[in-house]
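From first to last, the protein sequence lines are chains F and X. Every letter in the first sequence is one number past the one before it in UniProt numbering, and letter 153, counting from 1, is 153. Every letter in the second sequence is one number past the one before it in UniProt numbering, and letter 153, counting from 1, is 153. Please read the structure below before turning to the comments.
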Amino acid sequence: MGQTDGSETEGRADRDGASDTEGKQDVPEVPVPADDTPEVLNKALSGLSSRWKNWWVRGILTLAMISFFFFIIYLGPMVLMMIVLCVQIKCFHEIITIGYSVYHSYHLPWFRTLSWYFLLCVNYFFYGETVTDYFFTLVQREEPLRILSKYHRFISFALYLTGFCMFVLSLVKKHYRLQFYMFGWTHVTLLIIVTQSHLIIHNLFEGMIWFIVPISCVICNDIMAYMFGFFFGRTPLIKLSPKKTWEGFIGGFFATILFGILLSYVMAGYRYFVCPVEFNNDSNSFTVYCEPSELFQLQYYVLPSVLQSATGWTTVRLYPFQIHSIALSSFASIMGPFGGFFASGFKRAFKIKDFANTIPGHGGIMDRFDCQYLMATFVNVYIASFIRGPNPSKVIQQLLALRLDQQLHIFNSLKAHLIEKGLLPAVEEAA
Amino acid sequence: MIETRPKGFVTSPAQDERRRGGEKKPDGDDRLGLVGDAEGECEGDTKANTPDVPPSADNTPEYLNKALEGLSSRWRNWWIRGILSLTMISGFFLIIYLGPVMLIIVVMSVQIKCFQEIITIGYRVYHSYELPWFRTLSWYFLICVNYFFYGETVADYFGALVQREEPLQFLVRYHRFISFALYLAGFCMFVLSLVKKHYRLQFYMFAWTHVTLLIVVTQSHLVIQNLFEGMIWFIVPISIVICNDIMAYLFGFFFGRTPLIKLSPKKTWEGFIGGFFSTVVFSFIFAYLLSQYQYFVCPVEYNSETNRFAVECQPPDLFIQQEYTLPAVVENTIGQKTVHLYPFQIHSVALSSFASLIGPFGGFFASGFKRAFKIKDFADTIPGHGGIMDRFDCQYLMATFTHVYIASFIRGPNPSKVLQQLLVLQPEQQLSIFNTLRSHLRERGILPPAVLEAQ
């Protein structure tokens with residue numbers, strides 16, 4: 001979330017999170033953020049007081065990050081996937097590094113290797129599933145890819161098992177507990193980070209709008225809650241993050257919904273954002289070209305009478321997607337902060353101020369992305385439940401893998417179903 | 001797996017008393033006072049005063065004790081473990097006889113007990129009995145994850161039943177959303193339950209719960225999915241692991257000389273190799289015996305009319321005897337040219353190799369875990385053997401392997417699941433898939449060619 005909310009409370013009598021003594025806890029204190037800013041910024045802002053300087057540094061970096069976001073959207077799906085992958089690797093690295101410093105396990109044999117190996121295995125597994133789904137034709141064409149895809153689960157499992165066996169063989173007499181802790185830490189990190197980054201990529205393939213709008217809603221909620229809290233904040237929200245206020249929370253909620261509706265309206269007009277990303281076998285590149293689905297075609301909605309009298313309009317033209325965006329932004333405003341609280345609690349528990357020092361004024365990559373993870377899962381579940389059914393090409397693929405008698409059985413069931421629905425002429429049955 | 005307690009490694013209660021009396025260090029020191037463990041725990045274990053697990057003989061029922069009082073301690077231990085082993089194996093056969101529903105219920109119970117054992121260990125290690133909400137939250141997450149997995153299974157296998165009942169249809173259609181909402185509720189409860197002085201403990205327990213769920217619940221569901229493939233895919237892997245345990249123990253007992261791994265000093269290479277070969281032979285024979293019965297071989301199906309499970313079918317190719325020509329080497333020794341085998345027996349060799357070679361790593365993992373947290377057994381449920389987890393620690397890798405093996409080499413996707421997905425698609429998509437399928441089947445000659453149908 002936006003604020004470094006732990007900053008004031010870290011220095012005080014900190015018995016939080018440790019019923020055990022912290023004697024050996026030598027995590028070096030994270031230096032005050034101003035020390036990380038590049039010299040150019042320091043010079044430009046040397047005249048201002050510390051509080052405003054901090055504000056300006058954060059503001060400038062925020063704008064820089066947002067511009068970068070727009071830039072990579074412009075560059076297309078391929079670059080987006082790469083960026084997601086890089087962010088994932090960096091987040092994993094940050095959390096594992098925290099684990100190392102908490103447990104003093106730098107000197108453990110094998111452990112860095114094993115953590116990165118597991119990251120590779122899990123990524124291989126997930127990317128393999130994605131590639132098989134979306135690049136079906138390409139995979140069928142190339143022989144080595146076909147074999148890799150057919151036995152994908154087996155290969156992934158074998159790779160994972162190798163890592164597991166290496167872990168067991170690497171257990172050293174004096175360090176059992178540490179090693180199990182790091183093993184558990186690695187797995188939980190993988191569970192949180194890698195699965196969700198893959199859900200983000202799945203969302204991306206549905207259409208770039210499903211990637212952009214949720215992320216933008218979360219960013220907007222961050223910024224708006226910060227602004228509202230800054231200007232109007234009075235009532236604290238939760239003891240865990242003393243800088244969050246109810247005014248910021250509620251103001252952020254309404255501002256985000258409004259922002260979501262406007263942003264969806266702007267984006268739903270462009271095919272580039274709305275069409276599912278497809279891999280074109282002939283040109284071997286990604287294309288976003290299609291007939292926009294119903295979700296992205298303007299429709300007339302009759303306003304409820306309350307709004308009618310207020311605005312004087314009877315009907316309004318909206319994209320159905322804008323209605324969905326209200327659901328997405330509500331989730332971002334209400335549940336997103338819980339992800340932030342979770343990260344705050346985590347930082348309190350392990351006595352760290354920020355996950356890392358990567359971004360001046362903001363901390364590490366994880367600090368920026370902690371709210372995004374719940375959002376990515378929600379969007380994916382939302383799409384699966386309310387927007388679309390299973391992926392047709394995946395269904396065909398599974399169909400063709402069945403035995404022939406099973407295929408025939410399904411063929412007949414499908415035919416009966418289609419005839420019932422009137423999509424097939426019944427006359428064909430009689431022939 | 002059967003693991004005879006490494007007598008040298010866990011101090012007896014008397015020794016512990018001496019140590020504990022002498023070195024009451026207030027921080028970072030381990031509760032059993034064993035030397036050389038200061039590096040093992042930098043955090044979190046100071047006040048963990050887990051009581052020592054008493055020696056196993058104390059748990060045996062009285063009548064067993066009476067019956068065996070004449071024997072020396074070593075043989076007595078052996079007899080207790082032997083009797084309990086036989087009891088457990090008979091119990092296993094009994095529930096197989098009782099049918100698939102019973103098996104599912106037993107798997108479910110074992111899963112809950114394993115979860116409870118591991119969580120209890122976590123509580124003891126982190127002294128977190130007094131944490132608010134935490135028991136509730138752990139069990140709540142268990143229910144959520146089980147709901148998610150059972151929902152996926154039920155939707156697949158009970159397709160017809162689900163289509164009939166209206167509330168079930170709703171639950172199935174929005175299943176993922178409902179599961180996710182339930183999980184989120186638990187997540188929010190966790191965040192709201194964070195108490196100022198206990199952050200780190202709470203995060204530890206949260207992670208402990210999730211890793212336990214990952215290990216225990218996912219694998220128990222893979223066991224159930226294997227079961228639905230055919231009871232033989234459930235029985236044979238489990239029997240193979242049990243056999244490997246017992247055979248490795250026996251070979252080690254009688255011939256053991258060279259230690260296998262420092263982690264489990266009682267394991268020997270002789271036991272390992274002897275166990276490997278005897279398990280392969282056992283599985284070969286056992287697979288032959290079971291492949292003949294439809295009860296074991298047929299996929300478990302839910303019959304919507306009678307509302308029960310049925311195992312009746314035309315046995316798949318895998319379970320029909322075929323002739324294999326022996327390689328020349330074996331021909332000369334046996335004198336037979338061909339041999340009648342079920343193809344499944346070949347697969348059983350793969351399964352038993354895995355169980356003997358990789359399965360023990362699951363046991364070593366559990367040993368390391370017990371060493372790391374200074375516990376002798378996971379719990380005291382079974383006299384002579386420890387807790388349920390002690391018996392099932394090798395089974396988990398096996399269940400996943402069997403599932404992956406089936407998915408990769410035996411069968412394709414589940415037909416009813418594919419049909420279900422088909423029916424959910426948009427009509428135009430259904431039509432296009434229909435046409436693709438029709439031309440595919442025509443190509444294969446299953447359907448009459450187009451020219452006939454057009455008339």
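C-beta atoms are modelled at their ideal positions from N, C-alpha and C, and glycine is treated no differently.
(request) Could you tell me which residues DSSP puts in a beta bridge with Tyr324/X? (result) Residue pairing by DSSP puts Tyr324/X in a beta bridge opposite Val339/X.
(request) Please go through the segment 77-134 of chain X and give each complete alpha helix (DSSP H) segment of 4 or more residues, from N-terminal end onward. (result) Given a length threshold of 4 residues, each whole run of the alpha helix (DSSP H) inside the segment 77-134 of chain X is given here in chain order: 100-126.
(request) Taking 7 Å as the cut-off, decide whether the C-beta atoms of Gln397/F and Val418/X are in contact. (result) Cβ atoms of Gln397/F and Val418/X: not closer than 7 Å.
(request) Taking only the alpha-carbon atoms, compute the straight-line gap between Phe361/X and Thr209/X and give it to the nearest angstrom. (result) As the crow flies, the alpha-carbon of Phe361/X is around 22 Å from that of Thr209/X.
(request) Go ahead and pull the three-state DSSP assignment for Lys266/X. (result) In the three-state reduction of the DSSP assignment, Lys266/X falls in the strand class, which pools E and B.
(message) Give me the subset of the segment 171-197 of chain F whose CB atoms are less than 8 Å from a CB atom of chain X, sorted by chain position.
(response) The residues in question are Leu171, Lys173, Lys174, His175, Tyr176, Arg177, Leu178, Gln179, Phe180, Gly184, Trp185, His187, Val188, Leu191.
(request) Spatial neighbours of Ser352/X within its chain, please: CB distance less than 7 Å, with the 5 preceding and 5 following residues excluded, ordered by chain position. (result) Ile240, Thr279, Val280, Ser283, listed in sequence order.
(message) Against chain F, with Cβ distances strictly below 7 Å, would Leu437/X count as a contact?
(response) So yes, Leu437/X belongs to the interface.
(message) How far does the beta strand (DSSP E) with Thr315/F in it extend, from its first residue to its last?
(response) Run containing Thr315/F: 315-318, per the beta strand (DSSP E) assignment.
(message) Starting from Leu169/F, trace the beta strand (DSSP E) in both directions and tell me its first and last residue.
(response) From DSSP, Leu169/F is part of no beta strand (DSSP E) but of the alpha helix (DSSP H) over 152-169.
(request) For the segment 137-164 of chain F, enumerate the residues whose C-beta is nearer than 7 Å to any C-beta of chain X, in chain order. (result) Those residues of the segment 137-164 of chain F that come within reach of chain X (Cβ to Cβ, closer than 7 Å) are Tyr151, Arg153, Phe154, Phe157, Leu161, Phe164.
(message) Give me the subset of the segment 404-420 of chain F whose CB atoms are less than 9 Å from a CB atom of chain X, sorted by chain position.
(response) Here the close residues are Leu404, Asp405, Gln406, Gln407, Leu408, His409, Ile410, Phe411, Ser413, Leu414, Lys415, His417, Leu418.
(request) Mind checking who Pro259/X pairs with in its DSSP beta bridge? (result) Thr268/X.
(request) List the endpoints of the continuous alpha helix (DSSP H) containing Pro77/F. (result) Per DSSP, the unbroken alpha helix (DSSP H) holding Pro77/F starts and ends at 77-103.
(message) When you compare the CB of His210/X with every CB in chain F, is at least one pair closer than 7 Å?
(response) Closer than 7 Å to some Cβ of chain F, the Cβ of His210/X qualifies, so yes.
(request) Tell me whether the beta-carbon of Leu240/F lies closer than 7 Å to the beta-carbon of Ser149/F. (result) One thing to note: Leu240/F has its Cβ no nearer than 7 Å to the Cβ of Ser149/F.
(request) Pair every Cβ in the segment 387-402 of chain X with every Cβ in the segment 222-238 of chain X, then say whether three or more of these pairs are closer than 8 Å. (result) Because the criterion of three Cβ pairs below 8 Å is met, the segment 387-402 of chain X and the segment 222-238 of chain X touch.
(message) Rounding to the nearest angstrom, what Cα-Cα distance links Val125/X and Val297/X in this structure?
(response) Distance between the alpha carbons of Val125/X and Val297/X: 45 Å.
(message) I'd like to check one pair, Asn203/F with Phe211/F: are the Cβ atoms closer than 7 Å?
(response) With a cutoff of 7 Å on beta-carbon distance, Phe211/F and Asn203/F are scored as near each other.
(request) Check residue 446/F in the structure and name its three-state DSSP category. (result) Residue 446/F is absent from the model: chain F starts at 1 and stops at 431.
(message) My output table needs one value for Tyr301/F: the three-state DSSP class, helix, strand or coil.
(response) It is a strand residue.
(request) Please confirm if Arg112/F has its CB atom under 7 Å from at least one CB of chain X. (result) Output row for Arg112/F: interface = no.
(request) Check the C-beta distance from Gly233/F over to Thr245/F and give it rounded, since I have them as a contact under 8 Å. (result) Going by Cβ atoms, the distance from Gly233/F to Thr245/F rounds to 4 Å, so yes, they are a contact pair.
(request) Please list the residues of the segment 315-348 of chain F that have a C-beta atom closer than 8 Å to any C-beta atom in chain X, keeping them in chain order. (result) Answer in chain order: Met335, Phe338, Phe341, Phe342, Gly345, Phe346, Arg348.
(message) My assumption, with CB atoms under 8 Å, is that Phe321/F sits in contact with Leu303/F. Please give the rounded CB distance.
(response) So it is not a contact: roughly 18 Å between Cβ atoms.
(request) Give the C-beta separation of Gly252/F and Ala225/F to the nearest angstrom, bearing in mind that I take them to be a contact with Cβ-Cβ under 8 Å. (result) For a cut-off of 8 Å, the C-beta gap from Gly252/F to Ala225/F is around 3 Å, short enough to register as a contact.
(message) If you measure between the beta carbons of Cys131/F and Gln372/F, is that distance less than 7 Å?
(response) At residue 131/F the sequence reads Val, which differs from the Cys that was named. Going by C-beta atoms, Val131/F is not nearer than 7 Å to Gln372/F.
(message) For Glu453/X, which residues in the same chain have their Cβ closer than 7 Å to its Cβ, ignoring the five residues on either side in sequence?
(response) At Glu453/X the pLDDT is 47, less than 50, meaning the model places this residue with poor confidence; the figure from the coordinates comes in the next sentence. Taken in chain order, the list of residues that qualify is empty.
(request) List the residues that DSSP assigns as beta-bridge partners of Phe203/X. (result) Paired residue(s): none; Phe203/X is not in a bridge.
(message) Suppose contacts are defined by Cβ-Cβ distances below 7 Å. Is Phe255/X in contact with Glu270/X by that definition?
(response) The beta carbons of Phe255/X and Glu270/X sit closer together than 7 Å.
(request) Check the Cβ of Val168/F against every Cβ in chain X and list those closer than 7 Å, keeping chain order. (result) Against chain X, a Cβ distance below 7 Å from Val168/F picks out Phe361, Phe364, Phe365, Gly368.
(request) Under 6 Å Cβ to Cβ from Tyr204/X, same chain only, skipping five residues before and after it: list those, please. (result) Once the five neighbours on either side are set aside, the close Cβ partners of Tyr204/X are Tyr126.
(request) Sort Phe409/X, Ser408/X, His340/X, Lys196/X by Cα distance to Glu323/X and report the nearest one. (result) The residue with the shortest Cα to Cα distance from Glu323/X is His340/X.
(message) Just checking: is the beta-carbon of Gly445/X within a distance shorter than 7 Å of some beta-carbon in chain F?
(response) Gly445/X does not count as touching chain F.
(message) Determine, for Gln398/F, whether the minimum Cβ-Cβ distance to residues of chain X falls below 7 Å.
(response) Taking Cβ atoms only, chain X reaches closer than 7 Å to Gln398/F, which makes this a yes.
(request) Indicate the three-state DSSP secondary structure (helix, strand or coil) for Pro360/X in the structure shown. (result) The answer is helix: DSSP assigns Pro360/X an H, G or I state.
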